[in-house]
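Peer 1:
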Amino acid sequence: MQLFTRQGPNRPWKRVSAAEPAVVGKAGLGWGYPFLHFKEGEEPEKVEGDKRTPAGFFRIGASFGFAPSRRPSYIELTSRETVCVEDPSSPFYNTITKRSEIGSVEADDMRSSALYRSGLFVDYPSDRATRRGSCILIHIWSAPDIGTAGCVGLPEDRVRVLQDFSRAGAVLAVLPETALDRFAGCLPAAAVRPPAFTTR
368 MQLFTRQGPN RPWKRVSAAE PAVVGKAGLG WGYPFLHFKE GEEPEKVEGD KRTPAGFFRI
428 GASFGFAPSR RPSYIELTSR ETVCVEDPSS PFYNTITKRS EIGSVEADDM RSSALYRSGL
488 FVDYPSDRAT RRGSCILIHI WSAPDIGTAG CVGLPEDRVR VLQDFSRAGA VLAVLPETAL
548 DRFAGCLPAA AVRPPAFTTR
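Residue numbers (the working numbering): 368 to 567.
1. Which residue wins for smallest C-alpha separation from A535, given the options R527, G395, H506, D490?
2. Starting from D531 and walking both ways along the alpha helix (DSSP H), at which residues does that stretch end?
3. Is R466 near the ligand HEM, with its Cβ less than 7 Å from a heavy atom?
4. Can you tell me which of T449, G470, S501, G397 puts its alpha carbon nearest to the alpha carbon of G408?
5. Sort out for me which residues DSSP pairs P421 with in a bridge.
6. Of the choices R426, I513, F425, I442, whose alpha-carbon is the least far from that of F433?
7. Taking the Cβ atom as the reference point for each residue, do T462 and V452 lie within a distance shorter than 8 Å?
8. By the 10 Å Cβ neighbour count, where 16 or more other Cβ atoms means buried, how is C518 classified, buried or exposed?
9. Nearest-angstrom Cα distance between N377 and R466?
10. From F550 to K406, what distance separates their C-alpha atoms?
11. Could you tell me whether the stretch 526-541 touches the stretch 425-439, using the rule of 3 or more Cβ pairs below 8 Å?
12. To which residues does DSSP link Q374 through a beta bridge?
13. If we count the other Cβ atoms within 10 Å of its Cβ and call it buried at 16 or more, is P421 buried or exposed?
14. What is the DSSP secondary structure of L444, counted as helix, strand or coil?
15. Under 6 Å Cβ to Cβ from K393, same chain only, skipping five residues before and after it: list those, please.
16. Grab me the residues of R373's own chain with a C-beta within less than 6 Å of its C-beta, minus the 5 sequence neighbours each way, in chain order.
17. At which residues does the beta strand (DSSP E) containing S480 begin and terminate?
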């Protein structure tokens, strides 16, 4: 993971952190739904439950966590109430919402996992009809050598740094090294190790 920022779309990128460890899905990466046309050969595609992190560029949504916060749009997780919906049969698929609003569909009780003490929602534009994956988050890792169920995992202090760094327009780039040349015009020249977390 590396952080970059720039003052506008035609301004140069400025690196604001060194490359640091991060973990992705236990099964690696799979092309996210909006990026399937970048797939080459037998490269995998992201689908629900495959334990792959979607590859592509995705906006960063709201921060969340167990403790209160004054961050804009922050979601304070409530036990047995704040859930992320993983059931493609639900119109709330791939959203953080309240259990009281969705009934008994499959959803992750977010307060039940210590990995969600601090995190950020990835605004991943999935497809419910073809089960293209849900509830992609940036959250605390369980260990530096254990992958996630499809999210991006970081040490807790780094998640909090990202919560402070992220603002409207922030984008997460998650790409396999073998595909970096396909996006040469979209990435900072110094971004040599995916994922790179950037703001416009």
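Beta carbons are placed, not taken as given, at the ideal position from N, Cα and C, and that holds for glycine.
Peer 2: Considering the structure as presented:
1. Taking the first residue of the sequence shown as 1, we reach residue 535 at position 168. Looking at the Cα atoms, D490 is the closest of the given residues.
2. The sequence position of residue 531 within the sequence shown is 164, counting from 1. Unbroken alpha helix (DSSP H) run through D531: 523-532.
3. Absent from the structure shown: the ligand HEM. Ligands present: none.
4. Here residue 408 corresponds to residue number 41 of the sequence shown, with the count starting at 1. Measuring from the Cα of G408, the nearest candidate turns out to be G397.
5. Within the sequence shown, the letter at position 54 stands for residue 421. By DSSP's assignment, P421 forms a beta bridge with G397.
6. The sequence position of residue 433 within the sequence shown is 66, counting from 1. Considering only alpha carbons, the answer is I442.
7. Here residue 462 refers to the residue found at position 95 of the sequence shown. Here residue 452 refers to the residue found at position 85 of the sequence shown. Yes, Cβ-Cβ distance for T462 and V452 is below 8 Å.
8. If you number the sequence shown from 1, residue 518 lands on position 151. With 16 or more Cβ atoms within 10 Å of its Cβ, C518 is classed as buried.
9. Counted from its first residue, the sequence shown places residue 377 at position 10. Counted from its first residue, the sequence shown places residue 466 at position 99. Near 43 Å, if we compare the C-alpha coordinates of R466 and N377.
10. In the sequence shown, counting from the first residue as 1, residue 550 sits at position 183. In the sequence shown, counting from the first residue as 1, residue 406 sits at position 39. Whole-angstrom Cα-Cα distance: 12 Å.
11. Yes, since at least three Cβ pairs between the stretch 526-541 and the stretch 425-439 fall closer than 8 Å, the two stretches touch.
12. Taking the sequence shown and counting its residues from 1, one reaches residue 374 at position 7. Residue pairing of Q374 in beta bridges, as defined by DSSP: absent, with no partner found.
13. Position 54 of the sequence shown holds residue 421. Taking a 10 Å sphere around the C-beta of P421, we find 16 or more other C-beta atoms and assign the residue as buried.
14. As a first step, residue 444 is located in the sequence shown; it is residue number 77 there, counting from the start. Coil, per DSSP.
15. For this step, residue 393 is matched to residue 26 along the sequence shown. Close CB contacts of K393 within its chain, under the 6 Å cut and outside five residues either way in sequence, are with K418, G514 (chain order).
16. Translated into the one-based positions of the sequence shown, residue 373 becomes position 6. Correct list, in chain order: W380.
17. Here residue 480 refers to the residue found at position 113 when the sequence shown is read from its first residue. The continuous stretches of beta strand (DSSP E) do not include S480, and DSSP gives it neither H nor E.
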